[in-house]
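Numbering (the numbering used here), first residue to last: 1 to 117.
Note that the Cβ used here is the ideal one computed from N, Cα and C, for glycine as well.
These numbers were taken from a predicted model, which means no experiment stands behind them.
Here it is, written out as C-alpha cells:
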C-alpha cells in the first residue's frame, strides 16, 4: 500500500503512504521518505516532514510528472474499516528544488463542479 516514485532530475526515490499494521495508515510524520542517490550509488534515507501534507492514507494512486519533478497522489482510504468513504483529494509533492526542499500542496480545481465522485 506504499507508493514509490523515482525522480530522475535529482536521482531520488520517494516513498509515500502505507501501513505497518493492516488498514492502519502511517501517521503524516512517518508517511513521506526520500533517498537521494549520490554518484557512487550510495543512499541515505530521510523523512520528509513538511508543514502541509496529505492526511494519512493507504491504497492511494501515485504518479510522477517528470518534466516538473512533481509527484501526484490521489485518493485512498484513511480508516481501519472498509466502511469508510474513499478519499477524493489530489495532492502534489514538488521535488523540483532538489533533495531536502520537497513541498506538499493540495491541488484544488478552479471549478469544483467538475470533480468526479
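Considering just the uninterrupted stretch of the beta strand (DSSP E) at residue 89, what are its terminal residues? Stepping through the chain shown from its first residue, residue 89 is reached at position 89. Here the beta strand (DSSP E) through residue 89 covers 87-94.
So, using beta-carbon positions, are residue 18 and residue 29 closer together than 8 angstroms? Taking the chain shown and counting its residues from 1, one reaches residue 18 at position 18. Taking the chain shown and counting its residues from 1, one reaches residue 29 at position 29. No, these two residues do not count as a Cβ contact at 8 angstroms.
Name the two residues that bound the continuous beta strand (DSSP E) containing residue 3. Position 3 of the chain shown holds residue 3. Per DSSP, residue 3 belongs to the beta strand (DSSP E) from 3-7.
What residues in its chain sit with their C-beta under 6 angstroms from that of residue 7, if we drop five residues either side in the sequence? In the chain shown, residue 7 corresponds to position 7, counting from 1. The answer, listed in chain order, is 69, 95.
Does DSSP put residue 10 in a helix, a strand or coil? Taking the first residue of the chain shown as position 1, residue 10 is located at position 10. Three-state result, residue 10: helix.
Take the Cβ of residue 62 as the centre, count every other Cβ of all protein chains shown within 10 Å, and call the residue buried at 16 or more, exposed below. The residue given as residue 62 occupies position 62 in the chain shown. It is buried - the Cβ of residue 62 has at least 16 other Cβ atoms within 10 Å.
Simplified DSSP state of residue 19, which is helix, strand or coil: Mapped onto the chain shown, residue 19 falls at position 19. Residue 19: strand per DSSP, three-state reduction.
Could you tell me the distance, in whole angstroms, from the CA atom of residue 107 to the CA atom of residue 87? Translated into the one-based positions of the chain shown, residue 107 becomes position 107. Translated into the one-based positions of the chain shown, residue 87 becomes position 87. Those two C-alpha atoms are separated by around 14 angstroms.
Nearest residue (CA-CA) to residue 77, options 109, 71, 58: One-based indexing of the chain shown puts residue 77 at position 77. Of 109, 71, 58, the residue nearest in Cα terms is 58.
Checking 8 angstroms against the spacing of the C-beta atoms, do residue 71 and residue 5 come in under that value? For the purposes of this step, residue 71 is taken as the residue at position 71 of the chain shown. For the purposes of this step, residue 5 is taken as the residue at position 5 of the chain shown. Against a cut-off of 8 angstroms, the Cβ pair of residue 5 and residue 71 comes out as a contact.
Assuming residue 103 contacts residue 50 under a Cβ cut-off of 8 angstroms, what Cβ separation, rounded to an integer in Å, is found between them? The residue given as residue 103 occupies position 103 in the chain shown. The residue given as residue 50 occupies position 50 in the chain shown. Yes, residue 103 and residue 50 are in contact; Cβ-Cβ is about 6 angstroms, under 8 angstroms.
Using a 10 Å radius around the Cβ and a threshold of 16 neighbouring Cβ atoms, would you call residue 14 buried or exposed? Stepping through the chain shown from its first residue, residue 14 is reached at position 14. By the 10 Å Cβ count, residue 14 comes out buried.
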